[in-house]
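Undergrad:
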Amino acid sequence: MQILNRRPRRNRATGVIRAMVQENTLSVNDFIFPMFVQEGTSTKVEIKSMPGIYRFTLDTLLEELKEVQSLGIKSICLFPNYPESKKDKYGSESLVSDTLYLKALSEIKSKFPDLVIMTDVALDPYSSDGHDGIVDNGKIINDETVEILVKMSIAQAKAGADIIGPSDMMDGRIGAIRKGLDAEGFTDVSIMAYTAKYASAFYGPFRDALESAPKFGDKKTYQMNPANVKEAILEAELDFAEGADIMMVKPAFSYLDVIKALKENFNIPISAYNVSGEYAMIKAAAQNGWIDGDKAMMEMLLSMKRAGADIILSYFAKEVAVLLND
Ligand code: PBG
Numbered sequence: 001m002q003i004l005n006r007r008p009r010r011n012r013a014t015g016v017i018r019a020m021v022q023e024n025t026l027s028v029n030d031f032i033f034p035m036f037v038q039e040g041t042s043t044k045v046e047i048k049s050m051p052g053i054y055r056f057t058l059d060t061l062l063e064e065l066k067e068v069q070s071l072g073i074k075s076i077c078l079f080p081n082y083p084e085s086k087k088d089k090y091g092s093e094s095l096v097s098d099t100l101y102l103k104a105l106s107e108i109k110s111k112f113p114d115l116v117i118m119t120d121v122a123l124d125p126y127s128s129d130g131h132d133g134i135v136d137n138g139k140i141i142n143d144e145t146v147e148i149l150v151k152m153s154i155a156q157a158k159a160g161a162d163i164i165g166p167s168d169m170m171d172g173r174i175g176a177i178r179k180g181l182d183a184e185g186f187t188d189v190s191i192m193a194y195t196a197k198y199a200s201a202f203y204g205p206f207r208d209a210l211e212s213a214p215k216f217g218d219k220k221t222y223q224m225n226p227a228n229v230k231e232a233i234l235e236a237e238l239d240f241a242e243g244a245d246i247m248m249v250k251p252a253f254s255y256l257d258v259i260k261a262l263k264e265n266f267n268i269p270i271s272a273y274n275v276s277g278e279y280a281m282i283k284a285a286a287q288n289g290w291i292d293g294d295k296a297m298m299e300m301l302l303s304m305k306r307a308g309a310d311i312i313l314s315y316f317a318k319e320v321a322v323l324l325n326d
């Protein structure tokens, strides 16, 4: 027999003890549920590469929100899908006062005043080039893009947004948006910066959902190189100084070290975006019977909490809520 002072297995002996010593937990309060809205009425279209996730028309979205709220989910993030005919170089549709997206924000706010609504700020849903900024001679131009992003943010705040979510990765946009919001009296509207957003292969299914894939090239001149972590800290220093209320790492699952680095270095909440490709991988494997989908989902999400995420944006939000409520 070994003489051991420490036998870590004692703290794993029963379910009750394991629960007592558990270091991290998931709560429905941690989650923001990303949702998609499209034009039209009375339809919802399932996204092929994201089983269980739909593009809703505004009326069906409002119905769905009743269920979302009844599960205890308190926050959503909304993305629009626009037809090609509404897209142009400057994403002009995003600023039209009665455009689908702004209309949806204000309808949701008036019907569900307690729901926290996060928005998306970037050109891609409205861009005929499928890029997050204005394209000039094959280049994505920064400062001219930021001017549009500021206007977009103000329009969204006017429509009832609680949290503005710039997902574009242009330089200087957080400070410019903060100034713009404040100048219009929206000092209470928050900014969740997509601070460390990587040029990732895991966004594929999302681009299917929005029909927003870039028409040429890739997003590597604005989204970050997956090899870098110091650069994430630099982005965070800038976003922090420019006034971000919450800083996001995206994607989440392959970037747990980045979540940890931001959590350790900055005293504001850190969020993680459990992106479309991460959702699709688990769904595909589970549908094939290759993994236990529920268990893999919970393990994946818990790893984000363990790494330091305070908030998780996830297409799994409803499924997690159901499991946590049981
Ligand atoms: C674009 C945007 C993307 C996502 C959110 N906003 C994709 C991209 O940068 O091409 C991806 C979300 C996901 O994959 O779930 N502004």
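Residue numbers for the sequence shown follow full-length UniProt numbering, beginning at 1 and rising by one. No residue lacks a Cβ here, since even glycine has one placed at the ideal position from N, Cα and C. From a predicted model like this one, the values you see are computed outputs, not experimental measurements.
1) For Gly277, verify whether its CB is less than 8 Å away from any heavy atom of the ligand PBG.
2) Taking the DSSP output, what are the residues bridged to Gln38?
3) Mind checking whether Arg306 and Gly243 have CB atoms under 9 Å apart?
4) Can you give me the C-alpha to C-alpha distance between Ile108 and Leu238, rounded to a whole angstrom?
5) Using beta-carbon positions only, say whether Tyr198 and Gly165 come within less than 9 Å of one another.
6) Answer yes or no: the CB of Pro8 versus the heavy atoms of the ligand PBG, is any distance below 8 Å?
7) Can you tell me whether Met304 is buried or exposed? The criterion is at least 16 other CB atoms within 10 Å of its CB, across all chains shown.
8) Would you call the stretch 211-226 in contact with the stretch 277-297, where contact means no fewer than 3 C-beta pairs closer than 8 Å?
9) Taking all protein chains shown into account, do 16 or more other C-beta atoms lie within 10 angstroms of the C-beta of Lys318, making it buried, or fewer, making it exposed?
10) Figure out for me which residue from Ser254, Ala236 and Ala252 has the closest Cα to the Cα of Ile246.
11) Please check the pair Ile312 and Leu301, which I expect to be a contact at CB under 8 Å, by giving their CB distance rounded to whole angstroms.
12) Decide if Pro8 is buried, meaning its Cβ has at least 16 other Cβ atoms within 10 Å, or exposed.
13) In angstroms, rounded to a whole number, what distance separates the CA positions of Ile259 and Phe266?
14) Throw me the rounded Cβ distance for the Arg18 and Arg12 pair, which I believe falls under 8 Å.
15) So what's Ala209 in DSSP terms, helix, strand or just coil?
16) Is Pro80 buried or exposed, if buried means 16 or more other CB atoms sit within 10 Å of its CB?
17) To the nearest angstrom, how far is it from the Cα of residue 348 to the Cα of Val320?
18) For the beta strand (DSSP E) containing Ser271, list its first residue and its last residue.
19) Taking the Cβ atom as the reference point for each residue, do Phe33 and Cys77 lie within a distance shorter than 9 Å?
20) At what residues does the alpha helix (DSSP H) containing Asp239 begin and finish?
21) According to the Cβ coordinates, are Gly138 and Gly52 closer than 9 Å?
22) Between Tyr315 and the ligand PBG, is the CB less than 8 Å from at least one heavy atom?
23) Take every Cβ of the stretch 180-193, pair it with every Cβ of the stretch 98-106, and state whether three or more of those distances are shorter than 8 Å.
24) Put Glu46 into one of helix, strand or coil per three-state DSSP.
25) What are the boundary residues of the beta strand (DSSP E) that includes Asp136?
26) If you reduce the DSSP assignment to three classes, tell me which class Ser110 lands in.
27) Among the candidates Lys87, Ala155, Pro251 and Asp182, whose CA atom is the shortest distance from the CA of Phe202?
28) Please check the pair Ile154 and Leu181, which I expect to be a contact at CB under 8 Å, by giving their CB distance rounded to whole angstroms.
29) Is the Cβ-Cβ distance between Arg55 and Val121 less than 9 Å?
30) Beta-carbon within less than 8 Å of Glu264's beta-carbon, same chain only, minus the 5 sequence neighbours each way: which residues are those?
TA: According to the structure data:
1) yes
2) Thr57 and Asn81
3) no
4) 32 Å
5) no
6) no
7) buried
8) no
9) buried
10) Ala236
11) 6 Å
12) exposed
13) 11 Å
14) 6 Å
15) helix
16) buried
17) Here the chain comprises residues numbered 1 to 326, so residue 348 is not present and cannot be evaluated.
18) Ile270 to Asn274
19) yes
20) Lys230 to Glu242
21) no
22) yes
23) no
24) strand
25) Ile134 to Asp136
26) helix
27) Pro251
28) 6 Å
29) no
30) Gly308
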